[in-house]
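Here is the structure we will look at, set down as structure tokens.
Chains as they are written, first to last, in UniProt numbering: chain V, 1 to 364; chain C, 1 to 762.
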């Protein structure tokens with residue numbers, strides 16, 4: 001943790017505005033946190049441009065990149081010096097970008113353009129899923145990830161042109177479940193049999209844009225879409241959403257659960273806003289304190305304190321309006337659970353922190 | 001002379017003075033005479049008995065001036081003259097009377113003489129008659145005594161004969177069932193038989209009689225027990241039995257139990273309140289009346305008085321009436337609950353009125369009873385129930401009329417005048433609802449009509465009007481309208497919107513109308529009709545208005561959302577399904593853009609029928625001619641040149657960002673105002689934003705970009721007139737073209753003049 005201290009302080013003092021400045025044209029759309037890295041706070045940004053080589057700044061060890069025009073996907077290797085843990089701050093890295101090492105292409109010309117690429121959430125990173133048109137493709141990466149082969153596929157059958165818009169690999173159930181979205185429906189898949197296990201028809205009034213699994217509650221799922229809503233589902237009871245938020249004033253493009261405190265939820269929308277909500281009622285920590293089995297007496301004290309203070313309600317913690325164009329991606333930091341980044345069309349990356357007061361309420 | 005001197009203006013005092021003088025003359029002493037005397041002792045008082053002319057004259061001469069004296073003198077002379085003439089008339093009148101009186105007296109003298117003679121004659125005759133009568137009575141004295149004795153014997157014999165015949169007669173009565181006669185005969189004989197019971201012959205008769213009466217009582221009891229007989233018969237029976245010294249308490253019980261069985265028979269058949277009123281209540285009243293007559297109000301004689309029967313009987317009666325009434329009420333209530341139909345409220349009110357009125361009769365008969373208050377409660381409950389029914393009827397009516405409107409909206413859509421009908425539909429809908437509400441109010445008003453007996457109960461004066469009618473009916477109905485309107489927004493929102501947008505618009509206008517005028521009108525009407533006195537806190541008009549406005553706002557927002565969605569779907573499909581990379585050079589505006597403009601125009605018409613124009617920001621007269629092309633950096637430079645360094649060619653992205661910096665953030669799904677321009681602005685905003693987002697995730701070839709340019713120019717030509725701020729449209733269209741340029745493989749834009757030509761061509 002000491003190594004990333006300088007960066008952390010810079011964020012703590014003020015919100016950091018980072019423009020993804022590579023060259024003249026920076027239209028950015030993709031953002032991800034470096035999940036394998038647990039010490040440094042690092043985000044990866046994917047750009048979307050035709051004239052220049054698309055760039056991925058703040059490169060990770062492994063990154064999935066996609067380009068809609070070329071309808072291809074590739075696996076890249078992060079520069080080795082990062083792997084060994086350099087002391088670079090993000091500003092440095094943007095000043096002297098390092099090139100990625102292309103490991104292999106996911107050769108999917110037969111299946112159409114790729115909507116998204118997913119790494120296996122747990123395990124040794126040997127498996128990748130890509131969603132192309134109406135196909136689910138499960139790839140196996142060969143030794144040292146230089147070659148990818150399709151191990152199994154599934155196809156969505158139905159009337160008209162069906163196209164996947166989003167997907168998420170469930171971190172639960174030993175990574176055997178996948179959830180995908182096409183049009184207004186959300187579908188669950190069993191990867192062992194590559195068959196559909198549930199389907200929420202008309203989950204949203206319009207297109208479903210993004211999905212995320214609650215990291216602590218295995219049946220809970222968040223979805224967002226063009227009807228400006230964020231919905232929470234219990235996949236065991238798919239008739240009605242558990243809860244529904246309607247805070248954005250335009251399409252919601254991205255929804256993310258905090259990795260360790262699942263009441264914190266981040267959404268980004270094309271109304272140029274990022275909203276951080278506190279969904280206490282459907283989180284695994286109902287009253288805002290961590291259940292600590294080791295220290296029962298302390299726990300009791302905590303409970304008494306909780307009675308004293310008012311339990312936290314479902315609420316919006318903050319609305320961030322720094323962006324001036326549509327926000328297409330939001331992501332929590334993998335290393336610091338209180339840090340998150342959001343990326344808008346104009347290439348502006350904003351890194352924010354969960355308000356200190358709330359952080360202490362959740363922790364204490 | 002003295003009485004007439006009083007001046008005319010002091011008439012009352014003068015009259016009193018005359019009066020007092022008369023009193024004095026006749027020696028009547030009253031209180032207050034002392035004061036009078038003191039007054040009359042004054043020698044200057046011209047009317048007083050102690051008047052001294054010398055003193056008076058001296059006083060006058062001393063006090064008055066010559067002129068006054070002259071006046072006084074003339075006045076005096078005038079008075080004297082009038083007194084003289086009065087005296088003369090008096091004397092004349094009295095003279096005539098004297099003469100006639102003398103005549104009468106003379107006549108009377110003559111008559112009396114004649115009479116004296118006749119009286120003498122009469123007294124002589126009377127003496128003769130006395131003499132004769134004395135002689136006759138002397139001769140008849142013996143025979144008279146004999147006759148008296150004989151007649152005494154005769155009556156005795158008749159009595160004896162009655163006694164001897166009594167058993168036979170009683171038997172006969174028994175046969176003929178003339179119980180009353182038998183009992184009265186027995187009563188007459190009873191004392192005598194008691195008295196002479198030591199004589200064996202009488203004893204026999206008495207025993208016979210006892211046996212017979214025993215039989216009779218038996219029969220009476222039998223009859224009594226039988227039931228089936230009318231209340232009158234029963235009361236007769238009871239009366240006879242009472243006379244036969246039956247125990248009163250037992251009789252009370254029996255009587256009541258009989259009455260109960262009979263009344264319950266009534267209740268079983270009781271179907272309608274009318275019948276209930278006519279039969280049950282009246283026979284109940286009859287029972288009460290006869291019971292009271294029998295047991296309570298009867299002047300107590302003999303041993304009955306000592307048993308304190310009235311209290312006991314009264315208690316029994318109360319219990320009896322209460323239990324019966326309770327059953328009756330439960331039946332009535334059940335019957336009223338069956339009365340679901342809304343149309344014939346007057347009938348129900350009349351029935352309730354009659355019911356209530358009849359129960360008043362019981363109050364009169366039985367002052368302490370709880371029955372009437374229970375009855376009133378039933379009426380109150382019925383009224384409440386009625387209000388609820390009316391509310392639900394109104395609600396169903398509202399739903400029905402909405403269905404009608406929906407059909408009407410759907411049907412003439414194909415016809416030419418389809419759109420223009422919505423204004424009429426709105427007025428007819430609101431009129432329908434208002435009329436229905438009024439008729440319901442009129443029906444409910446029957447409950448408080450003057451000629452209805454229960455209308456002056458405190459409930460109907462106060463709570464019924466304020467809580468029942470105003471809150472329970474009118475306010476609830478208005479709230480229901482708002483609520484159901486809101487439901488249209490929520491339920492239809494997710495599932496693609498089953499509600500036609502025109503209906504949303506219509507309802508929104510309806511709610512708005514309610515907010516501005518209708519609600520206050522309805523409530524004022526209600527308050528006036530029912531003379532509502534607000535004892536309890538009631539929902540204020542402002543709260544209702546706020547609710548209606550909120551509903552209207554929600555509906556309008558939803559309308560904008562739905563219409564925006566329809567157009568955005570069109571745009572999205574058109575962008576997503578096309579292969580923009582390999583497209584041909586644009587020759588025409590795409591059909592979908594024309595469609596968008598057409599739809600927007602028709603929405604404009606639709607909204608225009610119901611909402612006012614609204615304010616728009618001033619714009620140039622020829623906005624459609626504006627050349628716009630953000631993607632071309634040259635134009636950008638011209639626009640931003642003054643404030644930024646013109647030497648360096650500015651990159652478009654930065655410029656567009658600067659542009660954004662200065663323009664306000666656009667809230668896409670923001671609430672709209674209640675006017676046409678605002679509604680249209682909302683719809684266009686939603687559509688164009690969708691267009692923008694869709695363009696950003698596509699890739700364009702050279703001609704694809706040019707097609708977008710043409711389309712945007714076309715949209716710009718037609719859409720500016722609908723919105724409040726044309727800059728908004730320009731900004732969004734600029735963004736679209738700019739984004740398309742970013743996503744273009746070969747961004748070489750079309751000439752502005754060519755674009756214009758294509759667009760002009762249609």
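For every residue, glycine included, the Cβ atom is placed at its ideal position computed from N, Cα and C. Source: prediction; values computed, not measured.
Can you check which of these residues, the options, is closest to residue i by C-alpha distance?
i: residue 344/V; options: 336/V, 325/V and 355/V; result: 325/V
i: residue 583/C; options: 358/C, 405/C, 708/C and 195/C; result: 708/C
i: residue 723/C; options: 681/C, 737/C and 356/C; result: 681/C
i: residue 313/V; options: 361/V, 269/V, 349/V and 334/V; result: 361/V
i: residue 600/C; options: 546/C, 677/C, 210/C and 163/C; result: 677/C
i: residue 339/V; options: 154/V, 359/V, 190/V and 364/V; result: 359/V
i: residue 313/C; options: 329/C, 290/C and 330/C; result: 290/C
i: residue 745/C; options: 699/C, 147/C, 221/C and 759/C; result: 699/C
i: residue 217/V; options: 258/V, 161/V, 252/V and 230/V; result: 258/V
i: residue 182/C; options: 359/C, 240/C and 510/C; result: 240/C
i: residue 410/C; options: 399/C, 96/C and 425/C; result: 425/C
i: residue 135/V; options: 141/V, 225/V and 158/V; result: 158/V
i: residue 580/C; options: 523/C, 695/C and 550/C; result: 695/C
i: residue 731/C; options: 749/C, 742/C, 747/C and 712/C; result: 712/C
i: residue 518/C; options: 530/C, 548/C and 388/C; result: 548/C
i: residue 189/C; options: 209/C, 200/C, 179/C and 201/C; result: 209/C
i: residue 585/C; options: 748/C, 690/C, 90/C and 77/C; result: 748/C
Taking the beta carbon of residue i as the centre, do at least 16 other beta carbons fall within 10 Å, making it buried, or is it exposed?
i: residue 407/C; result: exposed
i: residue 351/C; result: buried
i: residue 87/C; result: exposed
i: residue 672/C; result: buried
i: residue 444/C; result: buried
i: residue 94/C; result: exposed
i: residue 186/C; result: buried
i: residue 591/C; result: exposed
i: residue 198/C; result: exposed
Residue i and residue j look like a contact to me (Cβ under 8 Å); what is the Cβ gap, rounded to whole Å?
i: residue 476/C; j: residue 564/C; result: 34 Å between Cβ atoms; not a contact.
i: residue 214/V; j: residue 262/V; result: 5 Å
i: residue 223/V; j: residue 181/V; result: 7 Å
i: residue 265/V; j: residue 255/V; result: 7 Å
i: residue 129/V; j: residue 207/V; result: Not quite, the Cβ-Cβ distance comes to about 21 Å (not below 8 Å), so this is no contact.
i: residue 552/C; j: residue 511/C; result: 4 Å
i: residue 228/V; j: residue 253/V; result: In fact, because the Cβ distance is near 11 Å, the residues do not count as touching under 8 Å.
i: residue 329/C; j: residue 378/C; result: 6 Å
i: residue 513/C; j: residue 428/C; result: Between residue 428/C and residue 513/C the Cβ distance is about 13 Å, and since that is not below 8 Å, they are no contact.
i: residue 366/C; j: residue 321/C; result: 6 Å
Between the beta-carbon of residue i and the beta-carbon of residue j, is there less than 8 Å?
i: residue 503/C; j: residue 485/C; result: no
i: residue 470/C; j: residue 538/C; result: yes
i: residue 163/V; j: residue 118/V; result: no
i: residue 175/V; j: residue 121/V; result: yes
i: residue 453/C; j: residue 356/C; result: yes
i: residue 710/C; j: residue 758/C; result: yes
i: residue 596/C; j: residue 715/C; result: yes
i: residue 156/C; j: residue 192/C; result: no
i: residue 436/C; j: residue 394/C; result: yes
i: residue 260/V; j: residue 337/V; result: yes
i: residue 331/V; j: residue 318/V; result: no
i: residue 609/C; j: residue 423/C; result: yes
i: residue 558/C; j: residue 489/C; result: yes
i: residue 350/V; j: residue 320/V; result: yes
message: List, from N- to C-terminal side, the beta strand (DSSP E) runs of 3 residues or more that fit wholly inside the stretch 307-364 of chain V.
response: 315-320, 327-332, 339-344 and 348-353
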